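Some notes on the structure that comes next.
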Amino acid sequence: MIVAARRNLVVRNTVNTHRNAKNPSFIGISCRNLELVNSVMDRQILASSSSSTSGNSANPPPPEDAWFNTYLKLTPQWQSVHTVDQDLLEMIPVEISRVNQVDAGRLDVEMSAMLKEQLVKVFSLLKPGMLFQYEPELDAFLEFLIWRFSIWVDKPTPGNALMNLRYRDERAVEPRVKVRMGLEGPGLTVSQKIWYCIATVGGQYIWARLQSFSAFRRWGDTEQRSLARRGWFILQRIEGFYKAASFGNLLIFLLTGRYRSLTERALRARLVYGSPNMNRSVSFEYMNRQLVWNEFSEMLLLLLPLLNSSSLRKVLRPFSKDKSSNSEGDDALCPICQTTPTTPFLALPCQHR
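With full-length UniProt numbering, the residue at position 145 of the sequence shown is 145, and numbering never jumps.
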């Protein structure tokens with residue numbers, strides 16, 4: 001059919017050419033060309049038909065259910081490829097900057113210290129030393145205020161807000177759930193918030209009180225009874241275990257970037273970015289200035305002991321001598337007659353001149 005269509009197109013174009021031409025000899029030549037073209041076209045049609053018949057005899061048509069059998073064979077492979085693609089899309093690794101998390105914790109500590117300093121100034125007119133007795137209660141009160149107006153109301157702490165961080169309940173985030181950026185997820189539950197307050201506020205207060213009470217009662221002295229000595233030993237063991245666990249958690253945090261404290265790891269409260277397009281809103285101008293002056297002062301403290309004061313005085317003495325001699329000479333001469341001034345005196349008690 002394709003060859004026949006081509007032939008008809010060639011014939012039509014040739015006929016149109018003949019109609020437009022006025023030369024009879026040219027018309028005769030064109031007619032002979034048409035016969036030649038028709039013969040060539042017929043040969044091509046016969047060749048194509050013979051090849052198609054031979055191909056059909058060599059390759060018989062497939063059965064009617066061939067497509068269904070092929071679909072059943074390829075379905076397991078397609079499902080495996082689809083599952084791998086979904087796993088790659090759904091399990092998005094979320095990398096949170098460790099520097100941001102550590103800086104946020106440091107800023108929270110500085111915030112508490114500033115609030116404590118301002119609160120201590122309020123009681124500056126009271127009896128000296130009275131506020132020192134209630135220092136653990138004061139620290140616990142400030143920590144409770146920060147927790148109440150930040151974590152309890154689903155808001156970040158001051159340090160986390162500056163570092164663009166927020167707490168997320170890692171238990172509610174399933175790896176198979178479709179996520180957009182890996183930062184989505186619910187905040188902390190009520191139980192997590194309460195346990196966070198108990199661990200950070202209550203735990204620190206109880207530990208501070210136990211340490212101050214044991215130190216005041218001198219539980220560590222050997223002259224005390226065995227029960228107090230045993231309590232002091234238990235406190236030291238608990239403190240050692242806590243420091244070792246904190247050090248191990250720090251190493252894991254530096255390796256994975258998750259859970260900067262034991263409380264966060266126990267509660268599965270992970271810090272993630274609050275806004276993926278927001279930068280850190282911390283100005284390092286004051287920090288850079290402080291670092292420059294700190295390095296400059298350390299350099300002076302290092303160089304001053306190496307300088308010899310006597311040699312330095314000898315180096316500077318000529319300059320000071322010239323200045324002092326000129327000033328003394330100017331004072332010893334009269335500015336008018338350029339002579340040495342005579343200072344009158346009066347002897348006492350004889351009044352002689």
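Each residue gets a CB set at the ideal place from its N, CA and C atoms; glycine is no exception. Since we're looking at a predicted model, the values are computed, not measured.
Within 8 Å, strictly: CB atoms of residue i and residue j
{"i": "L271", "j": "Y196", "result": "no"}
{"i": "V201", "j": "G185", "result": "no"}
{"i": "A140", "j": "Y205", "result": "yes"}
{"i": "L107", "j": "L142", "result": "no"}
{"i": "R98", "j": "G257", "result": "yes"}
{"i": "A104", "j": "G187", "result": "no"}
{"i": "A208", "j": "P156", "result": "no"}
{"i": "L333", "j": "T340", "result": "yes"}
{"i": "L227", "j": "L210", "result": "no"}
{"i": "L119", "j": "L138", "result": "yes"}
Beta strand (DSSP E) segment containing residue i, residue limits
{"i": "A269", "result": "A269 to Y273"}
{"i": "R171", "result": "That residue, R171, is in no beta strand (DSSP E); it is neither H nor E in DSSP."}
6 Å CB neighbourhood of residue i in its chain, flanking five on each side removed
{"i": "Q101", "result": "R260 and L271"}
{"i": "G231", "result": "W219"}
{"i": "D154", "result": "G187"}
{"i": "P335", "result": "none"}
Limits of the unbroken alpha helix (DSSP H) element including residue i
{"i": "Y196", "result": "V190 to C197"}
{"i": "F149", "result": "Run containing F149: none; DSSP gives neither H nor E here."}
{"i": "W219", "result": "Premise fails: W219 is in no alpha helix (DSSP H) and is neither H nor E."}
{"i": "Q236", "result": "S226 to T256"}
{"i": "P158", "result": "P158 to L162"}
{"i": "L304", "result": "That residue, L304, is in no alpha helix (DSSP H); it is neither H nor E in DSSP."}
{"i": "A113", "result": "R98 to V122"}
Residue burial classification, residue i (beta-carbon count within 10 angstroms, cutoff 16)
{"i": "E264", "result": "buried"}
{"i": "K127", "result": "exposed"}
{"i": "A347", "result": "exposed"}
{"i": "Y167", "result": "buried"}
{"i": "L163", "result": "Checking the sequence shown, residue 163 turns out to be Met, not Leu. Buried, since its Cβ has 16 or more Cβ neighbours within 10 Å."}
{"i": "I165", "result": "For the sequence presented, residue 165 should be read as Leu rather than Ile. Looking at its Cβ environment, which holds 16 or more other Cβ atoms inside 10 Å, L165 is buried."}
{"i": "I146", "result": "buried"}
{"i": "I194", "result": "exposed"}
7 Å Cβ shell around residue i - same chain, five flanking residues per side excluded
{"i": "L183", "result": "V94, V272, Y273 and P276"}
{"i": "R171", "result": "R268"}
{"i": "Q192", "result": "D169, L267 and A269"}
For residue i: DSSP bridge partner residues
{"i": "Y134", "result": "Paired residue(s): none; Y134 is not in a bridge."}
{"i": "R166", "result": "V272"}
C-beta neighbour in chain B for residue i, strict 8 Å
{"i": "E285", "result": "The chain labelled as chain B is not found in the depicted structure, where only one protein chain is given."}
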